[in-house]
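In this note's numbering, the protein residues as written are -19 to 367. All residues carry an ideal CB built from backbone N, CA and C; glycine is no exception. These numbers were taken from a predicted model, which means no experiment stands behind them. Notes follow once the structure below has been shown.
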Amino acid sequence: MHCMDAFSSSSNWYENIIIDGSNPTWEATFELQVDGNSTVLDSGQTLIEVPSGSEFYFTFSASDPNGLPVMIDVTSDKSEGWRHAGSDYLEFMDRFFQGSQVNGMHLNVTERHQAKQPSEYNLSLTVTDDATNTATGDWTIIISDGSGPTIIPNIISNGTMVSPESPARAGEEVLLSLTESFDDLDAIDDVSWEVRVDGEVILQTALWSEAEKIPLPVNGAGTYLIHILAWDSVGNMEQISFGLAVSPALGVFPSVLDHHAIGDLIVGESVNIVVTMQNTGAGIGSGVLCSQDTCSDEVLVSPADASGPGVFSAELVLNLNSTDRIELRFEWTSDSVGSEGVLTIDNDYVVVSQWQMPIQVLLGVLTVLMLMAWLAHRTWGQDSQRP
Ligand SMILES: [Ca+2]
Ligand SMILES: [Ca+2]
C-alpha cells in the first residue's frame, strides 16, 4: 500500500493477507450391514435405499486447501433434533425404520390391508471452513421393506371366537381366520401364506382369497400344533406357531373298549362280567351294566377332556341258569347334558350245561390218548415187529 499526502510526503505499509476464497471439500462413505453382510452404497446417488432396521454406517471426511480444520455437520428429519457433528472426520451408525404411515394395528382392517408408501427421510451435510466457506450434500433415504407380515390368527368355532370360556369342540367346524393380519407395506393380496397342522401342510403358496379363512382338519379332541408362515412380495418371512386345544363334544358318547368274564361259563355257576368303556363326550353321567333283569351297581360315566376320553368300567355278577346267549347292555343317563341311552355290548360268550363239561373233558382225554398211540406206533411200530 502506498499513501501520498498533499505535500508529496509519502510512506509505505505492507502486510500479507490471505483471503480464503476456496470452499472446503468432502467425501462420504455409506455402508450397510444386514445379518452380518456389509454392502457399500453409492453416496454419489441422491436416493439411498435402506432396508428397515439395517445398520447404516456413515463416514464423512472434509478438508480445505488452507489446511485448517473443517467443521462437519449432518442433520436429518429422522427425529426431532437429529444431528451429528465433528471436525475433519465423522463417523456414526444409525438404524432407520418405517414411520407411522405404514400399516399397523392403529388402522382398521380395511386400511391395513392396503399397500403403503415406504418412509423417506432427508439427510443434509454441511462442511464449513474457518472462513465460513461451505460445501453441502443432500440425500433422500428411502426405507425399503425389511419386515415380514404380521400374522394375527383367530380361531372360530360354532360361529364365535374360541376362548377358554368358549373352546373349540370336537365335531364342530373349526376355522382359522387371518383377517386381522397385515404387512407393513404390501397390500394383503401380495402376501403368500402357508399353514401346517401337526406338521402336515394344509395350505401352500396361497393367496389371500384362500388363506383368509381356512377350515382346520381338527376332528377329535386333543391339542393340535398350528404353524403359520407368511411372505411379503420381497420375500421377508414371518411365522408363528401355537397349540390349539379342541375340547370333547358336549354330551355323553360311551363305547366299549374291552370286556371279559371271570369264572366258568357253566350253567349253575356265577360269573363276574367286567366291561371297560370310554366316553368321548364332555358330559358326566351314570349307568348300570345289565343282562336281562339283572343289573350292576351304578357306576360313574367319566367325562372326556382335551387329554382323551373318560375311561370307566362296570362289573356285573351273573348267575348262569341257561345256555342262552348272554345279553349285555349298559344303560346310562346324564343330568348334566339331559340325555340317556343304552349301549349294547356284543359278545360271544358260550355258556355250557354241566353235563356237557365231563363229556368235553372225556373227549379231550380220548383224543390225547389216540394221538399218543399213533405216535408210539409210528416211532417204534415198524422196528418192534421185526424179529
Ligand atoms: Ca477454504
Ligand atoms: Ca413387509
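Please classify residue i: does DSSP put it in a helix, a strand, or coil?
{"i": "residue 97", "result": "coil"}
{"i": "residue 219", "result": "strand"}
{"i": "residue 305", "result": "coil"}
{"i": "residue 360", "result": "helix"}
{"i": "residue 330", "result": "coil"}
{"i": "residue 62", "result": "coil"}
{"i": "residue 55", "result": "strand"}
{"i": "residue 339", "result": "helix"}
{"i": "residue 247", "result": "coil"}
{"i": "residue 148", "result": "strand"}
{"i": "residue 5", "result": "strand"}
{"i": "residue 370", "result": "With the chain covering -19 to 367 only, the question about residue 370 has no answer from this structure."}
{"i": "residue 348", "result": "helix"}
{"i": "residue 367", "result": "Note that residue 367 scores 49 on pLDDT, short of 50, meaning its location in the model is unreliable and no value can be drawn from it."}
{"i": "residue 158", "result": "coil"}
{"i": "residue 230", "result": "coil"}
{"i": "residue 27", "result": "strand"}
{"i": "residue 355", "result": "helix"}
{"i": "residue 163", "result": "coil"}
{"i": "residue 50", "result": "coil"}
{"i": "residue 153", "result": "coil"}
{"i": "residue 236", "result": "strand"}
{"i": "residue 14", "result": "strand"}
{"i": "residue 68", "result": "coil"}
{"i": "residue -1", "result": "coil"}
{"i": "residue 44", "result": "coil"}
{"i": "residue 137", "result": "strand"}
How should residue i be labelled, buried or exposed, when 16 other C-beta atoms within 10 angstroms of its C-beta is the threshold for buried?
{"i": "residue 179", "result": "exposed"}
{"i": "residue 354", "result": "exposed"}
{"i": "residue 92", "result": "buried"}
{"i": "residue 193", "result": "exposed"}
{"i": "residue 222", "result": "exposed"}
{"i": "residue 152", "result": "buried"}
{"i": "residue 108", "result": "buried"}
{"i": "residue 234", "result": "buried"}
{"i": "residue 208", "result": "buried"}
{"i": "residue 50", "result": "buried"}
{"i": "residue 231", "result": "buried"}
{"i": "residue 263", "result": "buried"}
{"i": "residue 250", "result": "exposed"}
{"i": "residue 335", "result": "exposed"}
{"i": "residue 265", "result": "buried"}
{"i": "residue 312", "result": "buried"}
{"i": "residue 258", "result": "buried"}
{"i": "residue 228", "result": "buried"}
{"i": "residue 17", "result": "exposed"}
{"i": "residue 367", "result": "Note that residue 367 has pLDDT 49, beneath the 50 cutoff, so the model's placement of it is unreliable and the number below is only indicative. It is exposed - the Cβ of residue 367 has fewer than 16 other Cβ atoms within 10 Å."}
{"i": "residue 316", "result": "exposed"}
Taking 7 angstroms as the cut-off, does the CB of residue i come closer than this to any heavy atom belonging to ligand 2?
{"i": "residue 128", "result": "yes"}
{"i": "residue 369", "result": "The requested residue 369 is not part of the displayed model; the chain covers only -19 to 367."}
{"i": "residue 170", "result": "no"}
{"i": "residue 138", "result": "no"}
{"i": "residue 88", "result": "no"}
{"i": "residue 212", "result": "yes"}
{"i": "residue 238", "result": "no"}
{"i": "residue 125", "result": "yes"}
{"i": "residue 216", "result": "yes"}
If we require 4 or more residues per run, which alpha helix (DSSP H) segments fall completely within the region 165 to 215?
Segments of the alpha helix (DSSP H) lying fully in the region 165 to 215: 188 to 191.
Ligand 1 site residues, beta-carbon cut 5 angstroms against heavy atoms:
Selection output, chain order preserved: 0, 2, 44, 109 and 113.
In chain order, which beta strand (DSSP E) runs of at least 3 residues are fully inside the region 77 to 135?
Listed in chain order, they are 100 to 108 and 114 to 124.
Which ranges would you report for the beta strand (DSSP E) in the region 249 to 327 if only whole runs of at least 3 residues count?
Runs of the beta strand (DSSP E) lying entirely within the region 249 to 327, each at least 3 residues long, are 250 to 259, 265 to 271, 279 to 281, 290 to 299, 309 to 314 and 319 to 324 in chain order.
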